[in-house]
Amino acid sequence: MEVIAVIAPLIGAIAAGLFLEEKPAQFLTCALMVVAAFVSLLLFRDICFLGTAPHTITLFDWISSGSLHVSWSVKFDQLTAVMAVVINVVSCMVHIYSVGYMHHDEHKARFMSYLSLFTFAMLMLVTAGNFIQLFFGWEGVGLASYLLIGFWNHKESANAAAVKAFVMNRIGDWGLALGIFAIFMVFGTLDYDTVFAAAASKKDLMVTFLDHQFPALELIGFLLFIGAMGKSAQLGLHTWLPDAMEGPTPVSALIHAATMVTAGVFLVARMSPIYEYAPHAREFITFIGALTAFVAATIGMTQFDIKRVIAYSTMSQLGYMFFALGVSAYGAAVFHLFTHAFFKALLFLGAGSVIHAMSDEQDMNRMGGIWRLIPFTYAVMWIGSLALAGVPPFAGFFSKDTILESAFVAHTPFSMMAYWLGIVAAFMTAFYSWRLIFLTFHGAPRADEKVMAHVHESPPIMTVPLAVLALGAIGAGLFFSKFFVGEARGEFWGNAIFVLHDNDVLSRTEEGVTGIYKFLPTIVGAFGIALAYLFYIRARHLPAVMAGTFGRIHDFLYHKWYFDELYNIIGVIPTFFLGRALWKTGDGEVIDGLGPDGIAEVVSASAVKAHQVQSGYIYHYAFAMLIGVVAIVAGYLYFFRGVF
Amino acid sequence: MIKSFITPELMPAFPEISLAIAAMLILLFGISRKEEDYNSVSNLSMLALAAVFMTLCKFCTETATTFNGMFIADAFGAFMKALVVTGSFVSIMLAAKYVERQRIMRFEYPILILFATLGMMLMISANDLIALYMGLEMQSLPLYVLAAMQRDTVRSTEAGLKYFVLGALSSGMLLYGASLIYGYTGATGFDAISTALAGHPAGLGIIVGMVLLLSGLAFKISAVPFHMWTPDVYEGAPTSVTAFFAIAPKLAALALLTRTFMGPFGHLADQWRQVVVVISVASMVLGSVAAIGQNNIKRLLAYSSIGNMGYALVGLAAASPAGVQAIMIYAAIYMVMTIGAFAVVLMMKQKDRMVEQISDLSGLGDRQPLLALAMTIMMFSMAGIPPLAGFFGKLFIFQAAIGSGLYTLAVLGVLASVIGAYYYLRIIKVMYFETAGDDVIDKASDGRLNLLLGISSALIVLFIVFPGPLLTSAADAAQSLFK
Numbered sequence: 000m001e002v003i004a005v006i007a008p009l010i011g012a013i014a015a016g017l018f019l020e021e022k023p024a025q026f027l028t029c030a031l032m033v034v035a036a037f038v039s040l041l042l043f044r045d046i047c048f049l050g051t052a053p054h055t056i057t058l059f060d061w062i063s064s065g066s067l068h069v070s071w072s073v074k075f076d077q078l079t080a081v082m083a084v085v086i087n088v089v090s091c092m093v094h095i096y097s098v099g100y101m102h103h104d105e106h107k108a109r110f111m112s113y114l115s116l117f118t119f120a121m122l123m124l125v126t127a128g129n130f131i132q133l134f135f136g137w138e139g140v141g142l143a144s145y146l147l148i149g150f151w152n153h154k155e156s157a158n159a160a161a162v163k164a165f166v167m168n169r170i171g172d173w174g175l176a177l178g179i180f181a182i183f184m185v186f187g188t189l190d191y192d193t194v195f196a197a198a199a200s201k202k203d204l205m206v207t208f209l210d211h212q213f214p215a216l217e218l219i220g221f222l223l224f225i226g227a228m229g230k231s232a233q234l235g236l237h238t239w240l241p242d243a244m245e246g247p248t249p250v251s252a253l254i255h256a257a258t259m260v261t262a263g264v265f266l267v268a269r270m271s272p273i274y275e276y277a278p279h280a281r282e283f284i285t286f287i288g289a290l291t292a293f294v295a296a297t298i299g300m301t302q303f304d305i306k307r308v309i310a311y312s313t314m315s316q317l318g319y320m321f322f323a324l325g326v327s328a329y330g331a332a333v334f335h336l337f338t339h340a341f342f343k344a345l346l347f348l349g350a351g352s353v354i355h356a357m358s359d360e361q362d363m364n365r366m367g368g369i370w371r372l373i374p375f376t377y378a379v380m381w382i383g384s385l386a387l388a389g390v391p392p393f394a395g396f397f398s399k400d401t402i403l404e405s406a407f408v409a410h411t412p413f414s415m416m417a418y419w420l421g422i423v424a425a426f427m428t429a430f431y432s433w434r435l436i437f438l439t440f441h442g443a444p445r446a447d448e449k450v451m452a453h454v455h456e457s458p459p460i461m462t463v464p465l466a467v468l469a470l471g472a473i474g475a476g477l478f479f480s481k482f483f484v485g486e487a488r489g490e491f492w493g494n495a496i497f498v499l500h501d502n503d504v505l506s507r508t509e510e511g512v513t514g515i516y517k518f519l520p521t522i523v524g525a526f527g528i529a530l531a532y533l534f535y536i537r538a539r540h541l542p543a544v545m546a547g548t549f550g551r552i553h554d555f556l557y558h559k560w561y562f563d564e565l566y567n568i569i570g571v572i573p574t575f576f577l578g579r580a581l582w583k584t585g586d587g588e589v590i591d592g593l594g595p596d597g598i599a600e601v602v603s604a605s606a607v608k609a610h611q612v613q614s615g616y617i618y619h620y621a622f623a624m625l626i627g628v629v630a631i632v633a634g635y636l637y638f639f640r641g642v643f
Numbered sequence: 000m001i002k003s004f005i006t007p008e009l010m011p012a013f014p015e016i017s018l019a020i021a022a023m024l025i026l027l028f029g030i031s032r033k034e035e036d037y038n039s040v041s042n043l044s045m046l047a048l049a050a051v052f053m054t055l056c057k058f059c060t061e062t063a064t065t066f067n068g069m070f071i072a073d074a075f076g077a078f079m080k081a082l083v084v085t086g087s088f089v090s091i092m093l094a095a096k097y098v099e100r101q102r103i104m105r106f107e108y109p110i111l112i113l114f115a116t117l118g119m120m121l122m123i124s125a126n127d128l129i130a131l132y133m134g135l136e137m138q139s140l141p142l143y144v145l146a147a148m149q150r151d152t153v154r155s156t157e158a159g160l161k162y163f164v165l166g167a168l169s170s171g172m173l174l175y176g177a178s179l180i181y182g183y184t185g186a187t188g189f190d191a192i193s194t195a196l197a198g199h200p201a202g203l204g205i206i207v208g209m210v211l212l213l214s215g216l217a218f219k220i221s222a223v224p225f226h227m228w229t230p231d232v233y234e235g236a237p238t239s240v241t242a243f244f245a246i247a248p249k250l251a252a253l254a255l256l257t258r259t260f261m262g263p264f265g266h267l268a269d270q271w272r273q274v275v276v277v278i279s280v281a282s283m284v285l286g287s288v289a290a291i292g293q294n295n296i297k298r299l300l301a302y303s304s305i306g307n308m309g310y311a312l313v314g315l316a317a318a319s320p321a322g323v324q325a326i327m328i329y330a331a332i333y334m335v336m337t338i339g340a341f342a343v344v345l346m347m348k349q350k351d352r353m354v355e356q357i358s359d360l361s362g363l364g365d366r367q368p369l370l371a372l373a374m375t376i377m378m379f380s381m382a383g384i385p386p387l388a389g390f391f392g393k394l395f396i397f398q399a400a401i402g403s404g405l406y407t408l409a410v411l412g413v414l415a416s417v418i419g420a421y422y423y424l425r426i427i428k429v430m431y432f433e434t435a436g437d438d439v440i441d442k443a444s445d446g447r448l449n450l451l452l453g454i455s456s457a458l459i460v461l462f463i464v465f466p467g468p469l470l471t472s473a474a475d476a477a478q479s480l481f482k
């Protein structure tokens, strides 16, 4: 059963990619995803609620070299089961939705194949029982992401975005790979179970890295987190995520909101036995996560592309998850990952529905006044936004509240910084969410008449997945919070997540958070909504006034804190310069000139010479023979006997 | 001395004696016929060669000398003779239709091949400078005649004459060298020379004699700078004769060269190695470079054989059992590739007229895919592309060179083979990527050519699967030179 959940998408990917026409490809991939989603729900029930023991199925050996033994395996424990549900359910909905959304595209089979390939790689990542398979899945999702961002490869910008995503992720992967090397160096194995069991015994071990002594586990934690930063678009390695919105919207929903970008969160949660002994690495995670949550929210307030707004909100929510991980509230982070998958996929697919209705328009400046025309989409966008803003009883309320309370209870300098930045970000989240709703659906229509005449509700094949995800966005928090972060979490997580007793902040949130702090997230959320209402419904001149008054700040935010420009100057331009120099001068002139081209010229010139010597006259030939003998004898005597 | 003249041991030379008797009987048979009976003579000759091949197997395990030590039969000789006899057999087979078409169906043709083969076998078994020279001339004289076989064309007679004059010059050098060696060692027998040279540094006279001897033999394998006859003779001689030139005598001369320099002059390996290296590098480079400018496929194959002999000399320069084994493997594979390539050349006719230009092959990939495929296999193999046999031939050669510390030589050899790949690949390019005009190669009508081409293609392709027999027999045979 476990194997079916993992293999089904692979079968779909291969069949759709290589053999099938578009209709059968769509049908087969969707059908296989339904099966996979169903199976993973059953597994989730068995393992998390019915008490089936976590287990690892070894499929076959992969590498066996010296002391390194790696096998392909499917490891199913509680954490994997949660991830498998998220991946397969959201992927299933996205597959079905894509049949409608990609209706006009010419390469449907290829698209479905990539989606299934992504799902398979993501499942390999979460079911890995060792670091090599994890890395395989990690790179596999990177590849699928690259292919899907650049799916519309006739668009220059899509290709650029795909390359950018690939390169930024490569920087993160460098950290991940070094982390894995470090694990092998310290533990001598790459098997999860063995590594985790030995983690406590290595907590005082020091290793030398770059000529400095570091605590081994801190170093490993830090390096692994660099990998997580790349994949999960944390501040510094985040610039690819907004650009990744060049891909088709279902891709954004599946990969760049619900699943792939949460791989970093999963990685850190999976490594909890290591991170528990790496307090400084966790402080760093808290710091980066909090900054990301804040910075992304500030940028999100100023953007006008509907998908970019949601992309920044994704980045911001990932920041929340990371600072939860940083304060050892692994359950809360995974819980937020779980609820976020539903409401963020919902928001993206809803945005896709809007884009679909508006004839592929993504600029919110050219929307407005369409809420009566597409009421269903309007409703699900409300549900998604309520969940995102953390309004009770929607899903986001439970998970985000828990994260903020955990940070508050941890009460270290970094966690308090995270708490306050998180509160501010929650306010901004509510603001930009309703800014999006008001700009998109309310006010006077700003699109031209042709587009407006064409606005229509999406077909059922797109709205049914929206409805399913909406159910998740409404109920996932209410129903599951007891298990993920509440009193039943001990039995729910089992041994999948390891927390030292002193660090167990989730057990202290009840008594630790009192008074105003208990309601602060909800209050600031309500303020955010009210402010958006004021700005975009009641007093529409205010945004322009604000932008004028705080011009510098607005520009700074609107240009995304100038990260792209900075990277361009310190990274891209020098690299291009170096690349051109090596290519044109180094390779073209020096290597080709002296090497292949030069030799080829010499050879063809000598061929002509050799041809001319062959005169056909017998006395030339005899002369050559005699001269040859004399030359050989003379040369021999000169060089080796020193005669003359 | 006297005693051995009275009762020489004849058994070690049994194959040669049988071939000599058979050749003379077939000659008598040919003369006795009222009309020219090429086909019967040809079939009888092939039969004789097949019979000799069978008798060779008897002598491949132990070493025996006879005729007062002038003649030696050993595993190395048996191996090389087997190759030579096979080559001659195939050459007669290849010639059948061609001589008919060119109106050179004279019954002397196969008989000349028989006598040349006898000469080659004597060369391979030579254990004395005089026996060496006798065998060499015995094979050369029929070859001169064969080259001029088509005596009513200028090209053929010119080829024969050039070959003869230059061959005489080379014989002169060889004899001069032999006499110097005799003068400085007082012996002509290989064993006696070996004893005389052991243990002290060689004098100048010996060195000069050795270089002259080497030059004479290098002429026979057409190594640079004694190669210049090769393209002209290959182009001028009738194609079936060219095929014979390329297949059999090269191998015999190579065997003689190997035996002479590993045997009596084995102690001086450090002295002659430099000379062999120079000749080898020059052959590899010239064979590769000069072939690029050729348009005639026979000339191209001439340069190809020059280059191939250069590679074989790399194995000689290694001067080790591994080197000798590599030479033998290389020789066997070279023979198979050459047979295949010449089978294709002999099939090249348009509208019933023989053609020789490389451009005539254009469009072959479309019109005759099987023929083009076989030629492609030969060319890839000659270019040394894995997994074909030609790759392994070069591999063993270079391994032997590296085993003897000749790194520079190995690197130069690899570079030369890269350059050489150009013209082999050009033929493939012409066959597959250039469209033909109206003139395309006719459908092959000679079943024997097809058979030979099929067998040689199969051997080249399957060598990687069954390398064992060739490798082990070559290894055993090589050991017999290092007793």
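Residue numbers (numbering that gives the first Met the number 0), protein chains in the order written: chain A, 0 to 643; chain B, 0 to 482. From the three backbone atoms N, C-alpha and C, an ideal C-beta is built for every residue, glycine too.
- Inter-residue distance for Leu211 of chain B and Lys428 of chain B is about 42 Å (C-alpha atoms, whole angstroms).
- Taking the Cα of Ile369 of chain A as reference, the smallest distance to any Cα among A:Leu317, A:Ala120, A:Ala292, A:His453 is reached at A:His453.
- Identification of chain A residues near Pro230 of chain B by a Cβ-Cβ cut-off of 9 Å yields Gln613, ordered along the chain.
- In this structure, Trp433 of chain A sits near Ala531 of chain A, with a CB-CB distance shorter than 8 Å.
- Rounded to whole angstroms, the gap between the alpha carbons of Arg169 of chain A and Gly229 of chain A is 8 Å.
- Taking the CA atoms as reference points, Val417 of chain B sits about 17 Å from Leu300 of chain B.
- Non-local C-beta neighbours of Leu168 of chain B in its own chain, meaning closer than 7 Å and more than five positions away in sequence, are absent.
- In this structure, the alpha-carbon of Ile219 of chain A lies about 13 Å from that of Phe195 of chain A.
- Between the stretch 192–206 of chain A and the stretch 269–276 of chain A there are three or more C-beta pairs closer than 8 Å, enough to call the two in contact.
- Within the stretch 256–343 of chain B, the complete alpha helix (DSSP H) segments of 4 residues or longer fall at 268–291, 296–317, listed in chain order.
- Judged by DSSP secondary structure, Phe225 of chain B falls outside any alpha helix (DSSP H); it is assigned neither H nor E.
- When Cβ-Cβ separations below 8 Å define contact, Gly204 of chain B makes no contact with chain A.
- Runs of the alpha helix (DSSP H) lying entirely within the stretch 35–111 of chain A and spanning at least 4 residues, in chain order: 77–100.
- Taking the C-beta atoms as reference points, Leu452 of chain B is found nearer than 8 Å to Ala373 of chain B.
- A check of alpha carbon separations from Ile103 of chain B across B:Leu82, B:Met353, B:Met148 identifies B:Met148 as the nearest.
- Distance check between Gln273 of chain B and each of B:Pro248, B:Ser303, B:Val313, B:Asn307 places B:Val313 closest, using alpha-carbon atoms only.
- Between Met227 of chain B and chain A, the shortest Cβ-Cβ separation is below 8 Å.
- Taking a cut-off of 8 Å on C-beta distances, the stretch 120–130 of chain A touches the stretch 254–267 of chain A, as three or more cross pairs fall below it.
- Taking Ser384 of chain A as reference, the option from A:Gly524, A:Leu556, A:Ala621 with the minimal CA-CA separation is A:Gly524.
- Considering only beta carbons, the part of the stretch 392–424 of chain B lying closer than 7 Å to chain A consists of Ile418, in chain order.
- At a beta-carbon threshold of 7 Å, the residues of chain B lying near Val607 of chain A are Gly292, ordered along the chain.
- Only residues of its own chain outside the window of five on either side were considered, and among them Ala63, Thr65, Ala72 have a CB closer than 6 Å to the CB of Pro11 of chain B, listed in chain order.
- Taking the Cα positions, Gln138 of chain B is about 45 Å away from Gly594 of chain A.
- Interface residue (Cβ-Cβ distance to chain B less than 8 Å): His355 of chain A is not classified as such.
- Ala292 of chain A is not a Cβ neighbour of Ala406 of chain A, given a cutoff of 8 Å.
- Straight across, the Cα-Cα distance linking Leu345 of chain A with Leu234 of chain A is about 25 Å.
- As a beta-bridge residue in DSSP terms, Gln356 of chain B pairs with B:Asn295.
- With its beta carbon less than 8 Å from one in chain A, Met172 of chain B belongs to the interface.
- The shortest C-alpha to C-alpha distance from Gly389 of chain B to any of B:Ile463, B:Gly322, B:Met353, B:Glu157 is the one to B:Ile463.
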